[in-house]
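Have a look at the structure below, then the notes.
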Amino acid sequence: MPKLKIDGIEIEAKEGTTVLRAALDNGIFIPHFCWQTLLSISGNCRMCAVQVEGLPKLEMSCNLIAADGMIITTDTEEVRKTRRSVLEFLLINHPLDCPICDQAGECLLQDYHFKYSGAKSRFKEKKIKKSKAVNIGPHVKLDGERCILCSRCVRFCSEIAKESDLAIAERGDSSFITTAPGRRLDNPYSLNTVDLCPVGALTSSDFRFQKRVWFLKSSPSICPHCSTGCPIWIDHADGTIYRLRPRDDKTGNLFLCDEGRLSYKKWQSFKRIYFPKVKIWDDFKEMKTDETFTYIQSAVGGYAKSEIAGIISPRCSCEEIDAARSYFDVLFRSTIQETPFSEDTIIRRADKTPNNFYLDRLNIKPIPDNIKGSVLIVIDALSNDDLLKVTNLEWKGILQITHDDECVFPGADIVLPRATWAESDGTFINYSGKRQKFYKAMEPKGEVRGTEAWLRLIK
Amino acid sequence: MNDNIEKNIKRASLLSLLWKIQNESGFISDEDIKKVSVSLEIPESEVYGVVTFYGMLTRRKLGKNLICLCSNICCWLRGSGDILNYLKARLGIGPGETTKDGLFTLFTVECLGACGGAPMMMVNGEYFENLDYNKIDDIINGLKCRS
Amino acid sequence: MQILTQNFNIMNANRLSAYLGRDGYKSLGRLFSLRPEDVIEEVKKSGLRGRGGAGFPTGTKWGFVPKNSDGPVYLCVNADEGEPGTFKDRMLLERDPHKLIEGTIIASYAIGAKTAYVYIRGEYAKPCKILSAAIAEAYENNFLGKNILGKDFGLDIVVQRGAGAYICGEETSLISSLEGLRGYPKIKPPFPAIKGLFGRPTVVNNVETLSSLPFIVLNGWEPYSKIGTKKSPGTKLISVAGHVNKPGVYEIDMGLSLISFIEKYAGGVWKNRRLKAIIPGGSSFPVLSAEECANVNLDYESMISAGTMLGSGGMIVMDETTDMVACLKVLTDFYHHESCGQCSPCREGSGWAKKIMDRIVAGLGTKKDLDLLLDIADNMAGKTVCVFADALAMPIKSFITKFRAEFESRCL
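Protein chains in written order, with our numbering: chain A, 8 to 466; chain B, 1119 to 1265; chain C, -2 to 409.
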């Protein structure tokens, strides 16, 4: 374990670690563009220069193995000059797009310029023109002029997504990022290139022009799209989710699949339910919670626990499932799923629900063929198979606690608006038994309540 | 280890295969890139990146005769500027362009390693050194006759 | 002393029969009686330095290859001669390809390589043909392939044509190109001697360097070390071009004075004009003004003390009528065109320098632009993955500094 000094601070690094990684792991920041923890070392941006005692030239810390006794200074005048010059070079052809660029506020070029340079432009020539706003893939837009050719996107697709969708074409300052002719950036992890792009060259089409990032609040959560359960940040403002980003919790994945990343949309579609509704004469009538009590009473009241069948969903948290277990004597699980059942050896799993593991552990079984009872209460949603099993039976009353009209199944008499995972604290257990907590990002609107609260209310 | 060696050999054959294709059909098309990608097991994007990196590989069909005039320092010192003007006047095209009859494409290129015979040009891969206007006339007329 | 050019004026010297008649492949007899490590020692003691441009001691370079490698070691022959002003390797390839093959066998034997790759620039179609024919002859006559001359050692030579990229003359870029990648230089460490072609220990040697080896192995290290100067022994091919009466490739003993060379070999400045400037070793090195030329010799040390480098020996001579501003524009155009674009300072800096030079030549430059160019050059040199950026910085700095008045007279 080599011991070295960075800026006077004694650091013990792991054998074979680079100076850059050792510094970052110990809270010493060295600016860099092309290096990224997931990817191979490229060494092309030249921003991470440091002074090594005893060596005449500055070294790039991303490719410098930490050695015992090394003395590194990250802030000499020469280092500062190099950083200023690298930034100057990167900015000479960079378009003045900040006012219309999504990356503003989280742009490394902006941040580093303000922190390490601040110099006025000396460039009086014509900037190079390249293609802008190119739909390089179904989810990603490319702006060739903003690109600083750090090649993070190229390396990510090749090394992590294992589909080399991107490459650099041409030579010199005519170089640009591209796909092969007729091909697109369409691997299942394409949106990670947007996270990785230090500037606004690769941006998310979904997020384009939606919100300035300084208005966003970031809340820690877990992606509910499949049983992997990647740790995420929910970026939201005013009760709306704008995007999901990977979160480094030191245990989970550092990148997301596109379907998981975009899965937030189904939890806040235009069909979202905010108020309870009761079916009166074949039509749903929206009403306030206290207005529903008489209807709920007539639907559920007076029945023994043995006559009330509950269906809980693998999209529910452990806490919701526990609440259901204490409420219901008769409890089954829905087999709600989502196609496609895309699975790979990278991070995606075919089980597109986050909490089947908990239902397995508690041995909560799917709906039996001969289900019977007087009252049916469904939490979240049913699959088509489930629907076949519960329809056309002599239910006296059917209640559904769900978040979206798409999930409301024919036959439901009373629908109560359910809080989504973004509006609740909770726990999911992923496919390998890993418990992961997610946290409430925003207050539910209208009369939306969590499952536990609804179950308390309808007792 | 063996898998890697095979992969390396396939990858290392890329440039030679691209030359073969260009020598046969004159340029490298989108179709060629797909075929090369499949046969050498290299991602299409990387094949495309290699094709566009090299100055002698072309993605479009060029004229029947390729005239590459050296425009680098030694040839410039010995009058390549005048030679270029003469070629432009004779052919009626500028660098990067092809004559309407498709006979000639003109390029200015970097040092061809024939500085001792400056000014010089490479025509269809053959070096012609110590150029003067007469020599150029002979070369162009000769090529016109041959077609 | 004629070591490299001894066969240049012999008819059909590129044919094996002619080559054998002139002590061709004779060094192999002694070669196989030595152990590879002894060959490395000999070359070290001979003082041979890389003739591609860097002048790094060849034997030392070979010594970096780990002994007892658990896999292949490769030799790469750098025949990507692209340095403006340099055309000496082309002569060697066309006139004496077997000497190169002999040198390749020696180098491969010394480092333990069983396969040597010749990377020859795409534009050298004719030299490639000649070399390939010579290689075929060598195979047919047991100088290549398995069990060369019945010995335990075998060597395959593979010829790979480049496709028009000057950067591929840089050794790690050459390796990238051989590997079928874009010709990007590789970050170091790892160094090619440890991890080069296909991740294996690799040595890249220039054509002229390798062609110098048969003499050294045949005669031992001492005779070679006695030619030239102490620190720059041996002979060097100088390819002189530009404003001289007799442009061409000449072999000189290291240490010959620059002015003597111009007068005696290159026939003096043409058209009875006065000398204005010389770039001694290819465009990537600082230019020498006429005054500076008076006191400098053609060897590595003398050039370095004069503030430039011997480089590839591609000498570019400029007479008094030369427009140094237009000349620098030709060079910045070249470097801008050939920058691989991998790293920020070079990719952007080369384009910026070109655009400023365009403006100056068009009469729209200012004195501030000259200082800006110098600053750009400073910000590029030493900050990049390879020395291409330095190669652009040196002409910019030397031209503007040494011909400042001329540049200023063109500014607003």
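No residue lacks a Cβ here, since even glycine has one placed at the ideal position from N, Cα and C.
Could you name the residues of the same chain whose beta carbon sits closer than 8 Å to that of residue i, not counting the 5 residues immediately before and after it, in chain order?
| i | result |
| --- | --- |
| A:Lys372 | Phe339, Arg340 |
| B:Glu1159 | Lys1125, Lys1128 |
| C:Gly142 | Tyr136, Gly151, Leu152, Asp153 |
| C:Asn4 | Ala10, Ala15, Tyr16, Arg19, Arg92, Asp93, Lys96 |
| B:Arg1178 | Phe1145 |
Does the beta-carbon of residue i have 16 or more other beta-carbons within 10 angstroms, so that it is buried, or is it exposed?
| i | result |
| --- | --- |
| B:Gly1212 | exposed |
| C:Phe53 | exposed |
| A:Trp42 | buried |
| A:Phe335 | buried |
| C:Ile154 | buried |
| A:Ala126 | exposed |
| C:Tyr181 | buried |
| A:Gln110 | buried |
| C:Cys324 | buried |
| A:Leu97 | buried |
| A:Ser211 | buried |
| C:Glu120 | buried |
Nearest-angstrom Cα distance between residue i and residue j?
| i | j | result |
| --- | --- | --- |
| C:Lys365 | C:Ser173 | 39 Å |
| A:Asp358 | A:Ile343 | 10 Å |
| C:Lys157 | C:Val115 | This sequence places Gln at residue 157 of chain C; Lys is not what is there. Whole-angstrom Cα-Cα distance: 6 Å. |
| A:Thr296 | A:Asp150 | 49 Å |
| A:Pro188 | A:Phe262 | 27 Å |
| A:Asn33 | A:Met8 | 15 Å |
| A:Pro238 | A:Leu103 | 35 Å |
| C:Met377 | C:Gly311 | 24 Å |
| A:Leu181 | C:Gly348 | The displayed chain sequence assigns Ser, not Leu, to residue 181 of chain A. About 9 Å. |
| A:Leu383 | A:Glu113 | 49 Å |
| C:Asn292 | C:Cys408 | 32 Å |
| B:Ile1254 | B:Ser1189 | 16 Å |
| B:Thr1170 | A:Glu84 | 39 Å |
| A:Cys264 | A:Lys169 | 13 Å |
| C:Glu403 | B:Gly1199 | 21 Å |
| A:Arg356 | A:Gly433 | 21 Å |
| B:Gly1231 | C:Arg118 | 10 Å |
| B:Asp1150 | B:Lys1182 | 20 Å |
Might you give, ordered along the chain, the residues of its own chain that have their beta carbon closer than 7 Å to the beta carbon of residue i, omitting 5 neighbours on each side?
| i | result |
| --- | --- |
| A:Asn70 | Thr25, Ile48, Gly50 |
| C:Tyr106 | Leu28, Pro33, Val36, Phe150 |
Could you name the residues of the same chain whose beta carbon sits closer than 6 Å to that of residue i, not counting the 5 residues immediately before and after it, in chain order?
| i | result |
| --- | --- |
| A:Ser171 | Cys164, Ser165 |
| C:Lys380 | Pro342 |
| B:Gly1197 | Pro1237 |
| C:Phe400 | Met321 |
| A:Ile405 | Leu383, Gly418, Ala419, Asp420 |
Which residue spans inside the stretch 91 to 147 of chain C form an unbroken alpha helix (DSSP H) run of at least 4?
Entirely contained in the stretch 91 to 147 of chain C, the alpha helix (DSSP H) runs reaching 4 residues are, in chain order, 94 to 108, 122 to 137.
Whether or not the stretch 1164 to 1175 of chain B and the stretch 152 to 167 of chain C are in contact is what I'm after, with contact meaning three or more pairs of Cβ atoms, one per stretch, closer than 8 Å; do they touch?
yes
Along the chain, which unbroken stretches of the alpha helix (DSSP H) at least 4 residues long are found entirely within the stretch 157 to 214 of chain A?
159 to 166, 199 to 203
Within the chosen definition, does the stretch 306 to 323 of chain C reach the stretch 153 to 169 of chain A through at least 3 CB pairs nearer than 8 Å?
They do not touch, by the three-pair rule.
Segments of 4+ residues assigned as alpha helix (DSSP H) that fall wholly inside the stretch 330 to 397 of chain C:
For the stretch 330 to 397 of chain C, the full-length alpha helix (DSSP H) segments reaching 4 residues or more read 341 to 358, 364 to 377 along the chain.
Output the residue ranges of the alpha helix (DSSP H) runs that lie fully inside the stretch 177 to 238 of chain C and measure 4 residues or longer, sorted by chain position.
204 to 208, 210 to 216, 218 to 223
The stretch 235 to 243 of chain C / the stretch 46 to 62 of chain C touching (three or more Cβ pairs under 8 Å):
no
Taking contact to mean 3 or more Cβ pairs, one atom from each stretch, closer than 8 Å, check whether the stretch 90 to 100 of chain C and the stretch 207 to 221 of chain C are in contact.
yes
Tell me whether the stretch 264 to 272 of chain A and the stretch 228 to 235 of chain A touch, counting them as touching only if at least three CB pairs, one residue from each stretch, are closer than 8 Å.
yes
Does the structure place the stretch 351 to 359 of chain C close enough to the stretch 323 to 330 of chain C that three or more beta carbon pairs sit under 8 Å?
yes
I'd like the ranges of any alpha helix (DSSP H) spanning at least 4 consecutive residues and lying wholly in the stretch 83 to 130 of chain A.
Fully enclosed alpha helix (DSSP H) runs of 4 or longer: 84 to 99, 115 to 119.
Any chance you could list the alpha helix (DSSP H) runs of at least 4 consecutive residues sitting entirely within the stretch 1189 to 1213 of chain B, in chain order?
1191 to 1195, 1198 to 1209
Would you call the stretch 195 to 206 of chain A and the stretch 303 to 312 of chain A touching, i.e. three or more CB-CB distances under 8 Å?
no
Report yes or no: do three or more beta-carbon pairs, one from the stretch 1139 to 1147 of chain B and one from the stretch 406 to 426 of chain A, lie closer than 8 Å?
no
Cβ contact check for the stretch 117 to 136 of chain C and the stretch 58 to 72 of chain C: 3 or more pairs under 8 Å:
no
How about the stretch 332 to 340 of chain C and the stretch 383 to 394 of chain C: do they share at least three Cβ pairs that are nearer than 8 Å?
yes
Hey, is the stretch 239 to 253 of chain C in contact with the stretch 291 to 310 of chain C, meaning 3+ C-beta pairs nearer than 8 Å?
yes
Can you list, in chain order, the stretches of the beta strand (DSSP E) that have 3 or more residues and sit fully within the stretch 55 to 79 of chain C?
Listed in chain order, the complete beta strand (DSSP E) runs (minimum 3 residues) inside the stretch 55 to 79 of chain C are 70 to 76.
Would you call the stretch 215 to 227 of chain C and the stretch 38 to 49 of chain C touching, i.e. three or more CB-CB distances under 8 Å?
yes
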